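In full-length UniProt numbering, the protein residues as written are 1 to 401.
Structural data, given as structure tokens:
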């Protein structure tokens, strides 16, 4: 009923199912054995989260030159990860085929010929008595060869969860919620959509209020998924905003788009809707690699950045160098490679008498500008309003000249 029928259950990620059933946040651990993956860090993360009782699942993928069937692994198939352990110097994982049969046949499998009493004792397993029940152990390194990624459902005992239902009303209209972290702790967000008639591509980001600095969020790529998640963020005390954005490719007739934003953290951090006119710019940490950083604040740029003076700027940072008035869409002038608004680009008048700036009315005389009260006789200091005589570039009244 939730998905709209049995047909909607065909294919999909197993992590989505766990997220739906548990109501807990889910995120992905990329498990590719290549130069871009820190395998030691990934393994330590698995050990840590396994000890915390998180749920794990993974799926096989078709890879060129790899025969999964030859080692007993099903192609394009989901598996549960039941356990991860360091055993006598080896990193091994326990998986279960939900079919209840068809098992891995390589190292650490039931048919492996290198079992020792020490290994059997460490895993409390006797391969001679094992059945073809779909449960098997395999090396971490072999897992990386045949599986694409690991989806983890973050079970946090004692955490508080809150849900905000909302609507993206129209194309190009973001929605945001503010929240406050009182003391440093982790927080996780999940953006849920109905899977019937089908989710639309969305994404979300988390930024610091005031600075607009991005601190986390979902993937930079818009995802048409029932549950869009992010990795846990450890945030310092302060005010933050989470912003939701729809893909420009979503047809206008698919709006309004309903969603539920879920937040989980160990301490209460209520979400409050932000007025549309006060929303920060949508910015993800990954934007720094694609767009660079702002010339004004040195933070990652948003997609709506602008180019000026051969540099890139946030729209909020494109301001007069002097008065800080926004220059977006306005005429500006350049002085010493900095932008100025039109009023600030006019040279500042300075009184010759007191050397202070002139604001308002003034008198021009002797090739200079003067405050009216500063245009006075150099001898008797009386203000001069009528005739005067000049001596050395300074005014003198007729009586003292």
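A virtual CB, placed ideally from N, CA and C, is assigned to each residue, including glycine. Note that the coordinates shown come from a computational prediction; the quantities given were computed from them, not determined experimentally.
Buried versus exposed, by CB contacts within 10 Å (16 or more), residue i
i           : result
residue 483 : The structure shown does not extend to residue 483, since the chain is modelled only from 1 to 401, so the question has no answer here.
residue 389 : exposed
residue 337 : exposed
residue 363 : buried
residue 103 : buried
residue 310 : exposed
residue 376 : buried
residue 108 : buried
residue 142 : buried
residue 30  : exposed
residue 63  : exposed
residue 384 : buried
residue 334 : exposed
residue 232 : buried
residue 167 : exposed
residue 163 : exposed
residue 234 : exposed
residue 382 : exposed
residue 169 : exposed
Close-in-space but distant-in-sequence residues of the same chain around residue i (CB under 7 Å, 5 per side omitted)
i           : result
residue 47  : 84
residue 293 : 299, 300 and 301
residue 319 : 325, 326 and 327
residue 53  : 155
residue 344 : 320, 322 and 323
residue 182 : 237 and 267
Rounded separation between residue i and residue j - CA only
i           : j           : result
residue 285 : residue 70  : 42 Å
residue 127 : residue 228 : 40 Å
residue 331 : residue 355 : 30 Å
residue 312 : residue 281 : 15 Å
residue 161 : residue 189 : 10 Å
residue 56  : residue 339 : 53 Å
residue 380 : residue 400 : 7 Å
residue 194 : residue 171 : 18 Å
residue 117 : residue 59  : 31 Å
residue 247 : residue 27  : 21 Å
residue 91  : residue 38  : 15 Å
residue 119 : residue 264 : 39 Å
residue 241 : residue 249 : 25 Å
Residue from the options whose Cα sits closest to the Cα of residue i
i           : options               : result
residue 204 : 283, 102, 124 and 267 : 283
residue 178 : 290, 206 and 256      : 206
residue 75  : 17, 139, 15 and 147   : 147
residue 196 : 224, 277, 291 and 62  : 224
residue 215 : 186, 198 and 360      : 186
residue 238 : 213, 90 and 279       : 213
residue 154 : 230, 379, 129 and 40  : 230
residue 303 : 296, 309 and 291      : 291
residue 372 : 378, 358 and 380      : 358
residue 342 : 171, 329, 374 and 16  : 329
residue 51  : 21, 38 and 86         : 86
residue 79  : 254, 119, 18 and 45   : 18
Nearest-angstrom Cβ-Cβ length linking residue i and residue j, presumed shorter than 8 Å
i           : j           : result
residue 262 : residue 192 : 6 Å
residue 201 : residue 222 : 3 Å
residue 151 : residue 14  : 6 Å
residue 145 : residue 61  : Residue 145 to residue 61, Cβ: 11 Å. No contact.
residue 72  : residue 105 : 4 Å
residue 43  : residue 140 : 6 Å
residue 122 : residue 88  : 6 Å
residue 269 : residue 180 : 6 Å
residue 279 : residue 176 : 5 Å
Own chain residues within Cβ distance below 8 Å of residue i, not counting five before or after
i           : result
residue 387 : 398
residue 134 : 96, 97, 98, 99, 100, 101, 102 and 103
residue 403 : Limits of the chain in this structure are 1 at one end and 401 at the other, which puts residue 403 out of reach.
Neighbourhood of residue i by C-beta, 6 Å cutoff - its chain only, sequence neighbours within 5 removed
i           : result
residue 110 : 127 and 130
residue 218 : 203, 204, 228 and 230
residue 258 : 167
residue 149 : 28, 30 and 31
residue 402 : Any question about residue 402 goes unanswered here, given that the chain covers just 1 to 401.
Residue i: CB within 7 Å of a non-hydrogen atom of the ligand MG
i           : result
residue 131 : Judged by which ligands are present, the structure shown has none, so any question about the ligand MG falls away.
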